[in-house]
Amino acid sequence: MKEPVLAKPPLLAEGIVTVDKMGEIPLPEQIYRAIRDAVRSAVLRPGTKLPSTRRLAAVLDVSRNTVNAAYGLLLAEGIVSVRPGSAPRITEDLPPEGASVSLSGSPAAPLLSRRGETMAANLRGRGWGHRFGAFQPGAPALDCFPYEEWARCLRRAARLERGADLLYRNFAGVPELQKQLAAHLAVERGVHAEPEQILITSSMQSSLTLVSQALADAGDSAWLEEPGYVGARTAFHMAGLSIHPLPVDGEGADIAKMPAAAAAPRLIYVTPSHQFPLGARMPLARRLALLEAARTGGAVILEDDYDSEFLFSGRPVAALFGLAEEGQVIYLSTFSKSLLPGMRVAYCVVPPALVEPLAQAVRNFGCAANVQAQAALASFMDSGGYRKHLKNIRQIYQARGSLLVETLKERLGNSIEVDRPTGNVQLALTFRQPRDDVALALEMHERGFAVSPLSSYYIGSEKRSGLVVGFAGATEKQIAQGVEALGDLLANKRAG
Ligand SMILES: Cc1ncc(COP(=O)(O)O)c(C=O)c1O
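Numbering (UniProt numbering), first residue to last: 1 to 496.
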């Protein structure tokens, strides 16, 4: 049955309800709050008809379920009433202000503290933070993981690891893994550290959260690459730091371009081996300038070296850590890219003076990694399995990345700019003409492609529009279909 067209529905005509799809507040709650506030401020009068759920959903470009949920909240609060056979209306006898309704439907749901709200913030944006699909940025390939070999390592670890590590001991990490990592880092990354300096955690995210809170106080300043990793921004946000964008160009972060007025930082987050998400490698002169600026300002540099073990071309330059004085740089890495995010093993290399306090902080935070997974990883590295796996994914990821770029250039070369990736599991493409990349990313999601808008990696108002596209797990078919879908969207100009 066709919906009756409402004469001048005020809600739509006056733009009272708008939604922010990237916002942290759930969409039904956004709609609910907009209508509730309009009623409270007498913009919407008692008796006013609301548009049908179908109509409002179409205007706001959200699902009908979303509008239904919002109307449900308004009904529960008595702001809206429905008579059989007619459209919902603003109630004639409104209940007194202050009556509130819980989104969860449970009257006993406790409210988050202010800190809790900060901790629960999803800075990636609600639209795609948890979506799953082809082209997901940051995701390694599930089909390249050596499941059988890993199962053997785990079985072995479960049999052998019967010691005190399984009880409340060694929150800093299993010694065998710390030793393997110390040897690996010295050879592959020029990072020379004692095994005890390597703290094993459950993720880069937990390492960043840990060091941000342990080394800086609320209100301290932190500099973050612009565009930059949202996980680092999240950690700084949770620590209550004041975040300043650090300009990035084709040579990575440029400390010389930092506005003089920016407060001296306590922490500086950088990805010098392969800038995230644009991909630049920082040259030596920039590295030295960065170290010098940090030294004179008394800042600690957080070096996120998330993918340098499988860069595609040439040998990666050594880590910044190797150039620094002791205590200037905390080196962080993760097995989320080289193995799997579900592995939940990462590590950071800290100065000797911080080993004990940070190991205690790992225990207090509860972010230590699973002991048997650590032991399995140590034997996987010891047997040469890890090195072999890196060699394998390097080739496969390079081939998938190249295919994606060729297909993009062939089909969309006139409207996008993209370079062959030099590493990693994703690449960034930019649009020749400014586009609404958030709307485009959402449209791609609707079609099963979990790309992210490049603009969402910026803090400041000057953003480049583009997309961050994961390729490590993409099949030929998905690449062909995804590029086709993007081409159609760009041609139809439905977004942007
Ligand atoms: C720059 C960077 N660092 C770290 C990570 C993730 O690390 P983890 O899964 O260990 O938190 C990602 C994931 O996409 C990343 O892009």
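We put the CB at the ideal spot given by N, CA and C, even for glycine. Bear in mind the structure is a predicted one, so any value in this text is a computation, not a measurement.
Closer than 7 Å by C-beta to residue i: which residues in its own chain qualify, once you throw out the five before and the five after it? Chain order, please.
i	result
G466	A428, L429, T430, F431, D437, L454
G470	F135, Q136, P137, G138, A139, V425, Q426
G105	Only weak support is given to the placement of G105: the predicted model assigns it a pLDDT of 48, under 50, and the value that follows is read from those uncertain coordinates. Cβ neighbours of G105 beyond the five flanking positions: none.
K257	P247
R400	F471, A472, A474
V418	V405, L408, K409, L427, L429
A361	L210, A214
R180	Here residue 180 turns out to be Gln, not Arg, going by the sequence shown. Excluding positions up to five away in sequence, the list reads A378, M381, D382.
L166	V371
P46	I90, T91, E92, L94
I479	L403, L404, T407
E188	E309
For residue i and residue j, which I take to be in contact (beta-carbon distance under 8 Å), what is that distance rounded to the nearest angstrom?
i	j	result
C153	A376	4 Å
L74	R36	7 Å
A70	P28	4 Å
V43	I16	6 Å
T422	S338	Rounded, the Cβ-Cβ distance is 16 Å, inconsistent with contact.
G252	A280	4 Å
S415	Q433	7 Å
G163	Q205	That pair is no contact at about 29 Å.
L320	R266	About 18 Å separates the two Cβ atoms, so there is no contact after all.
F236	S203	Actually they do not touch by this definition, with Cβ atoms about 16 Å apart.
R447	A485	5 Å
E225	V270	6 Å
Any idea what DSSP makes of residue i, helix, strand or coil?
i	result
K409	helix
Y269	strand
H184	helix
R321	In the sequence as displayed, the identity of residue 321 is Phe instead of Arg. Helix.
residue 544	Residue 544 lies beyond the stretch modelled for the chain, which goes from 1 to 496, so this question has no answer here.
V71	The residue you asked about is not Val; residue 71 is Tyr in the sequence shown. Residue state, collapsed to three classes: helix.
H274	coil
E292	helix
E14	Bear in mind that a pLDDT of 49 at E14, under 50, signals an unreliable position, so the number given afterwards is only what the model happens to contain. Three-state DSSP puts E14 in coil, outside helix and strand.
K337	coil
L358	helix
D165	helix
A485	helix
G179	Looking at the sequence shown, residue 179 is not Gly but Lys. Of the three classes helix, strand and coil, the one that applies to K179 here is helix, per DSSP.
Y458	coil
Y306	coil
G385	helix
V425	coil
N492	helix
T91	coil
V80	strand
H192	coil
V230	helix
A222	strand
V451	coil
V43	coil
L123	coil
C348	strand
G401	helix
E251	coil
S106	Only weak support exists for where S106 lies, its pLDDT of 49 falling under 50; the coordinates are left without a value.
G138	coil
E417	strand
By Cβ distance below 6 Å, which residues in the same chain neighbour residue i in space, the five residues on each side in sequence not counted?
i	result
Q30	V19
C348	L199, S207, I330, L332
L278	A428
D254	P247
S273	D305, S308, P316
F335	M343, V345
R363	F171
A264	G297
G487	R411, L412
P4	Its pLDDT being 41, under 50, P4 is placed unreliably by the model, and the measurement read from it follows with that caveat. Around P4: no qualifying Cβ.
E326	P351
A368	F171, V362
A38	I16, L44
L290	I255
Going by beta carbon distance, what residues of the same chain come within less than 8 Å of residue i, once the five residues before and after it are set aside?
i	result
T53	R64, V67, N68, Y71
L489	L440, E443, M444, A495
D143	G473
Any residues whose CB sits closer than 7 Å to a heavy atom of ligand 1? List them in chain order?
P137, G138, S203, M204, Q205, Y229, G231, T271, F276, D304, Y306, T334, S336, K337, P341, A346
Decide yes or no for the touch test of the stretch 214-225 against the stretch 233-243: beta carbon pairs closer than 8 Å, at least 3 of them.
yes
Would you check if the stretch 354-370 and the stretch 184-201 touch, i.e. whether three or more CB-CB distances between them fall below 8 Å?
yes
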